[in-house]
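Below: one structure, written as structure tokens.
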Amino acid sequence: MDKRRSLVEAASLVEDGATVAIGGLSMNGAPMALVREIVRRRARDLTVVAIVAGMPVDWLVAGGCVSKVVSGLISFEGLGLAPHFRAAVQRGEVEVEEYSEHTLICRLQAAAYGLPFMPTKAGLGTDMISMHPDTTRHEQDPSTGEHYIACTPLPVDVALVHAHSADSQGNIRVDPKLIWMDNEIVNAATTTVASVEEVLPHRDFVAEPHRTTYPRFMVDAVAVAPYGAYPTANFPRYSYHAQFFADYVQATRDPSAWAEFWQTRVVGPAEQGDLLDANGGPNTLIDIAREA
Amino acid sequence: MDKRRSLVEAASLVEDGATVAIGGLSMNGAPMALVREIVRRRARDLTVVAIVAGMPVDWLVAGGCVSKVVSGLISFEGLGLAPHFRAAVQRGEVEVEEYSEHTLICRLQAAAYGLPFMPTKAGLGTDMISMHPDTTRHEQDPSTGEHYIACTPLPVDVALVHAHSADSQGNIRVDPKLIWMDNEIVNAATTTVASVEEVLPHRDFVAEPHRTTYPRFMVDAVAVAPYGAYPTANFPRYSYHAQFFADYVQATRDPSAWAEFWQTRVVGPAEQGDLLDANGGPNTLIDIAREA
Amino acid sequence: MATNPTEVPGYGCTIDELMVVTMSRMMGDDTRAFNGAVSFIPVCAYLLARRTHAPELVWAASSIAIDADPKRIPESTLSDALWDGASMLSNSPFDFWAMAQGARYNTFAFRGAQMDRYGNVNNTVIGPYDKPKVRLPGGGGMADLSCMIPRIYLWSTTHDPRTFVERLDFRSGIGWGDGGDHRERLGLPGGPQACVTNMCVFDFEPESKAMRLASLHPGVTVDDVRGATGFDVLVPGGEIPVTAQPDEEEIRLLREEVDPTGARRREFS
Amino acid sequence: MATNPTEVPGYGCTIDELMVVTMSRMMGDDTRAFNGAVSFIPVCAYLLARRTHAPELVWAASSIAIDADPKRIPESTLSDALWDGASMLSNSPFDFWAMAQGARYNTFAFRGAQMDRYGNVNNTVIGPYDKPKVRLPGGGGMADLSCMIPRIYLWSTTHDPRTFVERLDFRSGIGWGDGGDHRERLGLPGGPQACVTNMCVFDFEPESKAMRLASLHPGVTVDDVRGATGFDVLVPGGEIPVTAQPDEEEIRLLREEVDPTGARRREFS
Chain H
134 MDKRRSLVEA ASLVEDGATV AIGGLSMNGA PMALVREIVR RRARDLTVVA
184 IVAGMPVDWL VAGGCVSKVV SGLISFEGLG LAPHFRAAVQ RGEVEVEEYS
234 EHTLICRLQA AAYGLPFMPT KAGLGTDMIS MHPDTTRHEQ DPSTGEHYIA
284 CTPLPVDVAL VHAHSADSQG NIRVDPKLIW MDNEIVNAAT TTVASVEEVL
334 PHRDFVAEPH RTTYPRFMVD AVAVAPYGAY PTANFPRYSY HAQFFADYVQ
384 ATRDPSAWAE FWQTRVVGPA EQGDLLDANG GPNTLIDIAR EA
Chain Y
134 MDKRRSLVEA ASLVEDGATV AIGGLSMNGA PMALVREIVR RRARDLTVVA
184 IVAGMPVDWL VAGGCVSKVV SGLISFEGLG LAPHFRAAVQ RGEVEVEEYS
234 EHTLICRLQA AAYGLPFMPT KAGLGTDMIS MHPDTTRHEQ DPSTGEHYIA
284 CTPLPVDVAL VHAHSADSQG NIRVDPKLIW MDNEIVNAAT TTVASVEEVL
334 PHRDFVAEPH RTTYPRFMVD AVAVAPYGAY PTANFPRYSY HAQFFADYVQ
384 ATRDPSAWAE FWQTRVVGPA EQGDLLDANG GPNTLIDIAR EA
Chain C
101 MATNPTEVPG YGCTIDELMV VTMSRMMGDD TRAFNGAVSF IPVCAYLLAR
151 RTHAPELVWA ASSIAIDADP KRIPESTLSD ALWDGASMLS NSPFDFWAMA
201 QGARYNTFAF RGAQMDRYGN VNNTVIGPYD KPKVRLPGGG GMADLSCMIP
251 RIYLWSTTHD PRTFVERLDF RSGIGWGDGG DHRERLGLPG GPQACVTNMC
301 VFDFEPESKA MRLASLHPGV TVDDVRGATG FDVLVPGGEI PVTAQPDEEE
351 IRLLREEVDP TGARRREFS
Chain G
101 MATNPTEVPG YGCTIDELMV VTMSRMMGDD TRAFNGAVSF IPVCAYLLAR
151 RTHAPELVWA ASSIAIDADP KRIPESTLSD ALWDGASMLS NSPFDFWAMA
201 QGARYNTFAF RGAQMDRYGN VNNTVIGPYD KPKVRLPGGG GMADLSCMIP
251 RIYLWSTTHD PRTFVERLDF RSGIGWGDGG DHRERLGLPG GPQACVTNMC
301 VFDFEPESKA MRLASLHPGV TVDDVRGATG FDVLVPGGEI PVTAQPDEEE
351 IRLLREEVDP TGARRREFS
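Chains as they are written, first to last, in this note's numbering: chain H, 134 to 425; chain Y, 134 to 425; chain C, 101 to 369; chain G, 101 to 369.
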């Protein structure tokens, strides 16, 4: 079965009102090309699950697509706070259901594994647990009295991940297999949509099958998106674009500057090449190339 | 810190009475060279944890080293049952604490993760659970009523694994990273001893760090043992030696044939080269080489 | 090592081949299967189905090597010789068990030294557990996968009263449990769909979940099955169909491409 | 972007450098550390300790890249630019979280927008959770790792009453909890060992587990610390020592090798 789709088609699998989980971690490996298409088609009322993220959540919030964020941490790290996320939460427009990373992983695992809960010591004695006693229950083991947190299932409608390559059947390589918590969202999701830097012949997957990360039957659509994680990184091919983050934060300080920035440098460009062109073109590609 | 040891030194980390977990799966990747040294030094009263295994357990039982086997499955598959294991259990000399694969994995994970238990649906409604209600407790989730099995920790003193390569500091590569359940025993163990096909310069690990499987601080001793999984396989370098399994099973049918087989083809040979020499030499190496 | 299985009268094939083809036809494009140890018949069945009517079928050789296409079937169905042509080698605890628990795989076949009317199996001991008459290999992943995977298929190459028993000495893997809605009450998905033996095919009666005669292999009578089965066999009214004949092409593919060295006959030793 | 931290009078270094060196000296050959986001000071401390007195120290850059030796420290301490020279890139859920849960790592450093006397931290919200005055990034892995890792180190580059508060608006990560034996009662290992600020070093009084003044940076008085701290600071009797002076070699290594681009100063913006 040929799983290849255009970015527009792939992004359309995220329906309004869906719970969508976003891969990557902080400045690394976010499925930005897919996120951009979701913003461009003006999706609404999404619940966004993002364990540790920044730019993809800020784009979705800036685009008015989000009603709730289920997350461990949202920031641009040393490059600033995620400005639209922060402002929307402070205005009460976006709800944040905050978990810690591991309780979120455990909730995704419980959903993926069909279990009533996954146990962890994570979060004991913190407000992260007392805040949602139904989904992260503080329990004691009946036999030993040991304290633990029972993390209940968090089902996901669509997982969005960015990877290095795919074959036409939907086998996916993250290469090297540094998958952050992407496996957790793919395992928990009903539908998985992957963007990839390139499509390779199926025979390449057969030649080195240990490099395959997700098998075809767990992947529903594959969209080719060169530099599809831009402005985040795709290790080891390219790094994040620090200048984009700086310009982005700067632009949010002035509404008219922001409107132009958003139009010309985020949502306006039609294709991936246009997006890169609008953000410095070849000089940017040279800038984000990793040193060998 | 230089973690390199001789096979004899490395095997001596398994003390009499210890709980020792054995890596590999069935005909694949068992740490046979280490097991052989344990047999040769006449270790006693071991509790052997082996999720799915055959030959390593049969050697340890034949050598009189074992009082208990904690396992999911012990056989030579299409090549027969593990004859000494079977006979010793039927004579009541070796106790078997049988679990299913996943409940055993969960027990090891609970030990590794410092949790009172790990939950699974595995084993519900089977005698595998009713047999040891203290370590695999049938529970119901208080919130949903869902049934699950709470698998309690199974601590391990020493994990024995065979891998492809190491550096002198004890970083280990299983390459490709097809680790069966080896990670579970390494994570659960106080001490990890690895045999490896070869030691590589540290710079090779730095050049391709994504290929490292266990970091130096989880490994206590590394012993070089070329063909250290023989007569089991070390994918993709060599396959199991079917003829050895057949000869072994045949020899057990006659006590005098067995005594000679055991001496000349298992415990007698001094070094790895001698062992291979006693089992067909270069013809065997050609026989077990995998087709490209 | 392996004795030759008997000819199936009039079908131009042997009983192992009829069993493989029969099981193969139970699989479809939506089958996502894997195999454990000593599973020659189902491995042949998956490979054959993929070559005939179910090209999209997923099979993970040894639970590891997804979409493998081996040149031959080796003595161990957990062996790397089974992995050639795979498009993914999965990492056991992290990939395989995650997928099995989540029922990303939906099909598993197992056999046992003993089997009861509800398709529960024993591969642990004959006799008392602590002092067994025969120590068997052990249940392995049976207890796990019989709880995780919705479509369970059973097979046996030794249809006799020692195998098909009134009461198991040990329940290593669960079929329909105590029958009726037992699986459902435990929250377990699906259950056994069929049992293919060297004499017949059983399905399971929808209410009681007991084994029921579905078809007889050529030359086998209802009384033969009754005599070879240690529990009362449910026999539906009317004519019992004869197990369908394999096509010539199925037999050719099995003999020439799927299993040219006849590994499937190892189950008849 | 980053303001220049102040000079430490008489020490020939700036306050960021004194903090790094002070934290570095708390580490040993048995330290097995990793770092999260925005952790410039501890990352510098681990790298410096490995170059001076603790060559066997383990540090996993971004919790991923074990034994990394980066050429420079980038804007993100979760960035791949931090991974150069690593001997292992670990897979996050399967390797890292297994090792963290099992306390194979034993050292973690974190800071928060608010910190209380027991070393609990808030990085979630200022004001009420549902309608915050300031929405902070979130706790990330704080709640997890503060429960899993026995040796916790805290730091703050903004020692003032808004940071060191009587009562957190939200407890994102646990230090000594409610003090005393609270961690022990919850079954949590170890607890906070020290807190290094831009004014002083705190340790924790063994019984109450409350922050206690351990040393003052040059030019800082006990009253300065009291005035900058929103809770009552425990001050032991006798002379409070001055935080030890960095060696010239430590400062040289930090400036020239560990952090030549001065990423550590980002924490003083």
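A virtual CB, placed ideally from N, CA and C, is assigned to each residue, including glycine.
Can you tell me the Cα-Cα spacing of residue i and residue j, whole angstroms?
i: ALA366(H); j: ARG132(G); result: 27 angstroms
i: ALA200(G); j: GLY291(G); result: 15 angstroms
i: ASP274(H); j: VAL172(Y); result: 40 angstroms
i: GLU279(H); j: MET248(G); result: 14 angstroms
i: ILE318(H); j: SER139(G); result: 26 angstroms
i: ARG204(C); j: GLY187(H); result: 31 angstroms
i: PRO249(Y); j: PRO164(Y); result: 30 angstroms
i: THR285(H); j: SER204(H); result: 15 angstroms
i: MET101(C); j: PRO388(Y); result: Note that MET101(C) has pLDDT 34, beneath the 50 cutoff, so the model's placement of it is unreliable and the number below is only indicative. The straight-line gap from Cα to Cα measures roughly 21 angstroms.
i: SER208(Y); j: VAL168(Y); result: 17 angstroms
i: HIS271(H); j: THR236(H); result: 12 angstroms
i: THR371(G); j: ARG366(G); result: Since the first residue shown for chain G is 101 and the last is 369, residue 371(G) is missing from the structure and cannot be characterised.
i: LEU193(H); j: LEU288(G); result: 38 angstroms
Against chain C, does residue i count as a neighbour if the rule is that its beta carbon must be under 9 angstroms from one of theirs?
i: TYR373(Y); result: yes
i: LEU257(Y); result: yes
i: ASP191(Y); result: no
i: ASP308(Y); result: no
What does residue i touch in chain G if you count any residue whose Cβ is under 8 angstroms from its own?
i: ALA245(Y); result: ALA198, GLN201 and GLY202
i: ILE238(H); result: PRO193 and TRP197
Quick check on residue i: does DSSP put it in helix, strand or coil?
i: GLU231(H); result: strand
i: GLU350(C); result: helix
i: ILE249(G); result: coil
i: LEU237(H); result: helix
i: CYS113(C); result: strand
i: ALA379(Y); result: helix
i: ILE155(Y); result: strand
i: PRO216(H); result: helix
i: SER139(H); result: coil
i: CYS198(H); result: coil
i: PRO292(C); result: strand
i: VAL147(Y); result: coil
In chain H, which residues lie with their C-beta within 9 angstroms of the C-beta of residue i?
i: VAL143(C); result: The premise fails here: VAL143(C) is roughly 18 angstroms from chain H at the closest Cβ pair, so nothing lies under 9 angstroms.
Residue i versus chain H: which residues are under 7 angstroms apart at the beta carbon?
i: GLU156(C); result: MET134
Using the beta-carbon of each residue, which ones in chain Y are nearer than 8 angstroms to residue i?
i: PRO249(H); result: PRO252, ASP274, SER276, THR277, GLU279 and TYR281
Closer than 9 angstroms, CB to CB, is residue i near chain G or not?
i: HIS295(H); result: no
Is the Cβ of residue i closer than 9 angstroms to any Cβ of chain H?
i: PRO174(G); result: yes
i: ILE166(C); result: yes
i: ASP337(Y); result: no
Hey, is residue i's beta-carbon within less than 9 angstroms of any beta-carbon in chain Y?
i: LYS309(C); result: no
i: ASP244(C); result: yes
i: MET248(G); result: yes
i: ARG270(H); result: yes
For residue i, go through chain A and note every residue whose CB falls closer than 8 angstroms to its CB, in chain order.
i: GLU317(H); result: The structure shown has no chain A; the protein chains it does contain are H, Y, C and G.
Given that residue i touches chain H, what residues does it touch there, using C-beta distances under 8 angstroms?
i: HIS343(Y); result: PRO309, LYS310 and LEU311
Using a C-beta to C-beta distance shorter than 7 angstroms, which residues of chain G count as neighbours of residue i?
i: ARG219(H); result: ARG235
Worksheet item: At a Cβ cut of 9 angstroms, what residues of the region 176 to 192 of chain G count as close to chain H, listed as they run along the chain?
Response: SER176, THR177, LEU178, SER179, ASP180, ALA181, TRP183, ASP184, LEU189, SER190, ASN191 and SER192
Discussion item. Against chain Y, which members of the region 118 to 148 of chain C pass a CB distance test of less than 9 angstroms?
Written reply: GLY136, ALA137, VAL138 and PHE140
Item to complete: Scan the region 359 to 387 of chain Y for residues whose Cβ lies nearer than 9 angstroms to a Cβ of chain C and list them as they occur along the chain.
Response: ALA366, PHE368, PRO369, SER372, TYR373, ALA375, PHE378 and ALA379
Item to complete: Can you give me, in chain order, the residues of the region 203 to 214 of chain H that have a beta carbon less than 9 angstroms from any beta carbon in chain G?
Response: Answer in chain order: SER204, GLY205, LEU206, ILE207, SER208, PHE209, GLU210, GLY211, LEU212 and LEU214.
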